[in-house]
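This report refers to the structure that appears directly beneath it.
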Amino acid sequence: MKKILLLFFSVLFVLTGSQSCSKKKGEKPTVPPLNTFVMESSDFESSNGPQRLDQTASYDNWTHSSVNVLFWQAILTINLVVPVAAYKEALNQTPKWKGAKKGWVWAFTTTVGNFKYTCKLHAKHQNNGEVKWEMFLTQDGGFKDFKWFEGTSDFNNTYGNWLLYKEPKSAQEYIKIEWKKNPTTGYEDIKYTNVLKEDNGKDSYIHYGHHNNIIYNSFYNISLTNKKQNTVNDINIEWHDKNKEGRVKDPVKYLDSDWHCWGVNLLDEQCFQ
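Just so we're on the same page, the working numbering is the position in the sequence shown counted from 1, plus 1051.
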């Protein structure tokens, strides 16, 4: 009887210890896909713009939309080139479990311009079922272990957020990213908000989304804040990513609250919807 009890408690101890270890470690998380970090903008890039075979034709509505989208894209590309490069490379790596304190770690190097960076992406399971992410970068001959961004996501990568810091010198909160994905409906969106304190454009944002609407299946909602002038300009853009038809609403430019449309050839046209 004593042997049976001893065996029972031994098995119970092993199972309990195994479950405790498993709970701390958790299943290996997957880095959220690139489009939860980098916004889609290809439909409004110059390479996909009008050919202007007819010099008298007007492409004003598409061009105005393109300028506003690419303005944001330029800001993000220039200021976030290093963290974006690190994020892209993390997607190609395999993590290792480094214990409860460090969690899962993706360790690798990447080169941007003339600089080499050592990158460490940490992921830890949270009690609410989410995953906490932190990216630390070290520049050869420069800064060390700067946390360039952090965020959370659910384990299945259907929603999450990122907070990016401006630069190692100031370490100020710069851009907040919020994203969602619905694999069932195909809906997805990503929103960038300027959270830089005392910046004239603080609270400005660009919100991109894609869904299954028949007429227009993609959108940008852009809000441009000017703290000094105490003004906010909201711009709405909708288009179809296949036939390229679209429309834009901008009260400041057009002096009205109407939609202004373009057709499959990107030429201005009357709105019918």
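We put the CB at the ideal spot given by N, CA and C, even for glycine.
Judged by DSSP in its simplified three-state form, D1111 adopts helix. Straight-line measurement puts the Cα of P1083 at about 13 Å from the Cα of N1233. DSSP places Y1216 outside any alpha helix (DSSP H); the residue lies instead in the beta strand (DSSP E), whose first and last residues are Y1210 to Y1216. In the three-state scheme derived from DSSP, where H, G and I count as helix and E and B as strand, V1133 is classed as helix. Contact between the segment 1113-1121 and the segment 1157-1174 is absent, with fewer than three C-beta pairs closer than 8 Å.
Put simply, of N1277, N1264 and Y1271 the residue whose alpha carbon is nearest the alpha carbon of V1299 is Y1271. In the displayed model, V1082 falls within coil according to three-state DSSP, outside both helix and strand.
Annotation: the continuous alpha helix (DSSP H) that includes K1304 extends over P1302 to Y1305.
Minimum Cα-Cα distance from Q1280 among the listed residues G1252, V1163, Y1238 and F1200 corresponds to G1252.
Taking the CA atoms as reference points, L1215 sits about 6 Å from Y1225. Pairing K1153 with K1304, the inter-Cα distance amounts to about 51 Å.
Checking the DSSP bridge columns, you'll see S1269 partnered with H1261 and W1290.
The criterion of a C-beta distance shorter than 7 Å is not satisfied by T1160 and A1136. A distance below 7 Å separates the beta carbons of K1242 and H1258. C1312 counts as buried, since no fewer than 16 other beta carbons sit within 10 angstroms of its beta carbon. Residues of the same chain with a CB within less than 6 Å of the CB of D1285, apart from the 5 flanking positions on each side, are S1274 in chain order. Beta-bridge partners assigned by DSSP to M1090: none are found.
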